[in-house]
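Residue numbers (the numbering used here), protein chains in the order written: chain E, 1 to 207; chain C, 1 to 251.
Backbone N, C-alpha and C define an ideal beta-carbon position, used for all residues, glycine too.
Below is one structure; the comments refer to it alone.
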């Protein structure tokens, strides 16, 4: 009797030890997730969700902004994106201004991505990923979306930072949105300084 | 017993996590956030005619507002989507002939071969170009035009230029477009069918790009600058890909 009790106790111990190993390893596993997998997951989740839920096809719905907040935003490095978009103007901004620009630009980008994602239903997605190394990012994962007359190439630039792999640039057909914002920021800074960027962003975000 | 199991669970599962959390973090690959590459920042765009361009841009916006947008809305409203797709395919098929010729001029024989294959398949099986059968066979449409050819040949882009009705362009692309118009068979047709066909193509093109125009308006701080950047990026890429393919074909 005591032996059986001891045995079942041992079994419990063993089971718990197994659990312990799994639990203690899981954060490590998340950290070494390869960028290709991350992008594949991101793209597949996005397109599937939009196709299955008509509400996500409305760019102004609360649902799409919730979806983006929950699924997209945590995987983007807005600090880095803002820094690249500001380019040489980044150094001209005070730390407080930098923080403000990151917040406001993050809001604008979130809305832009919501708008873009809501159009995904028209695409039949076949995700092929390939990795290449490019300047300013640690790795670029190239994907192809098939379905319109021409396949659409979407490349994700990722960097490996303290929070794991995060997206820091997206190009569609080789065209970078961040580069387009850099021209706008340059114009705004030369016209009315760093404050001009903050004002324009705030105005665009409706606040 | 239950309390004991819980405390054992705590000891075994939670404590090691706390204890090993730090070493695990240290094991992570070093943060390889490369410093921003300064020379990666492109030179400011050549827009010496900016005041004139902004005026033409505003004029085009006005024309869009009073004429083009209502027409596009009407076109999208009365034509079922398969008709619109068919019309788009029809003009794409005509364009493919022109794309193929340009790939020949760029010395890119394999791309030209694919373009002409598309034209043959789409004109025959695709009933005069109404159906894009080529794409279903894996022969996707490729962009190409004479402005790109001039770029591949080494002509500089020149200043940015907004054309009335046609929108963003550059000196080089305008030269390319003029050659296109002069060599377009439609230029030698009777006025009425010629203008109707060109008008229809214009309408279809604008209908195709309407969704993108909305995206740009919603995302940009200064729409003029935003569009200029996207357009110049696109043209630079087209020339670069033409050059890369030509040099790889030559080797």
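### Query
Do residue 149 of chain C and residue 161 of chain C come within 7 angstroms of each other at the CB atom, strictly closer than that value?
No, the Cβ-Cβ distance between residue 161 of chain C and residue 149 of chain C is not below 7 angstroms.
### Counterpart residues of residue 177 of chain E in DSSP-defined beta bridges
Answer by DSSP bridge pairing: none, since residue 177 of chain E is not bridged.
### Query
Does the beta-carbon distance from residue 180 of chain E to residue 230 of chain C come in below 7 angstroms?
Yes, Cβ-Cβ distance for residue 180 of chain E and residue 230 of chain C is below 7 angstroms.
### Query
Sorted by chain position, which residues of the same chain lie with C-beta nearer than 6 angstroms to residue 29 of chain E's C-beta, five sequence neighbours on each side aside?
Reliability fails at residue 29 of chain E, whose pLDDT of 45 lies under 50, so the model's placement of it is uncertain and the value that follows must be treated cautiously. Cβ within range, chain order: n/a, list empty.
### Query
Beta carbon of residue 76 of chain E, beta carbon of residue 167 of chain E: below 7 angstroms?
The Cβ atoms of residue 76 of chain E and residue 167 of chain E sit closer than 7 angstroms to each other.
### Message
Suppose contacts are defined by Cβ-Cβ distances below 7 angstroms. Is residue 113 of chain C in contact with residue 121 of chain C by that definition?
### Response
Cβ atoms of residue 113 of chain C and residue 121 of chain C: not closer than 7 angstroms.
### Message
Just list the residues that DSSP pairs residue 160 of chain E with in beta bridges.
### Response
Under DSSP, the beta-bridge partners assigned to residue 160 of chain E are E:165.
#### Entry: Integer Cβ distance of residue 151 of chain E from residue 140 of chain C, believed to fall under 8 angstroms
Taking a contact as a CB-CB distance under 8 angstroms, the pair residue 151 of chain E and residue 140 of chain C counts as one, their CB atoms being some 6 angstroms apart.
#### Entry: residue 109 of chain E versus E:78, E:50, E:84, E:37, residue with shortest Cα-Cα distance
Minimum Cα distance to residue 109 of chain E is reached at E:78.
### Task
Kindly confirm or deny that the region 47-60 of chain C and the region 74-85 of chain C touch, where touching means at least three C-beta pairs closer than 8 angstroms.
They do not touch, by the three-pair rule.
### Message
Does chain E have any CB closer than 7 angstroms to the CB of residue 91 of chain C?
### Response
Taking Cβ atoms only, chain E never reaches closer than 7 angstroms to residue 91 of chain C, which makes this a no.
#### Entry: residue 220 of chain C versus residue 189 of chain E: straight-line alpha-carbon distance, rounded
For residue 220 of chain C and residue 189 of chain E, the distance between alpha carbons rounds to 15 angstroms.
### Task
Specify whether the region 198-218 of chain C and the region 67-78 of chain C touch according to this definition: at least 3 beta carbon pairs, one from each stretch, less than 8 angstroms apart.
Touching, yes.
### Query
Can you tell me whether residue 233 of chain C is buried or exposed, with buried defined as 16 or more other CB within 10 angstroms of its CB?
Classification of residue 233 of chain C: buried, given that the 10 Å Cβ count is 16 or more.
### Query
Under 8 angstroms Cβ-Cβ, which residues of chain E neighbour residue 53 of chain C?
Here the premise fails: no neighbours, minimum Cβ distance about 13 angstroms.
### Task
Leaving aside the five residues before and after residue 217 of chain C along the sequence, list all residues of the same chain whose C-beta is less than 7 angstroms from its C-beta, in chain order.
Once the five neighbours on either side are set aside, the close Cβ partners of residue 217 of chain C are 223.
### Task
Give the straight-line distance between the Cα atoms of residue 41 of chain E and residue 203 of chain C, rounded to the nearest whole angstrom.
C-alpha separation (whole angstroms): 38 angstroms.
### Query
Do you know how far the Cα of residue 108 of chain C is from the Cα of residue 31 of chain E?
Summary for residue 31 of chain E: the model assigns pLDDT 44, below 50, so the residue's position carries little reliability, and this model does not support an answer.
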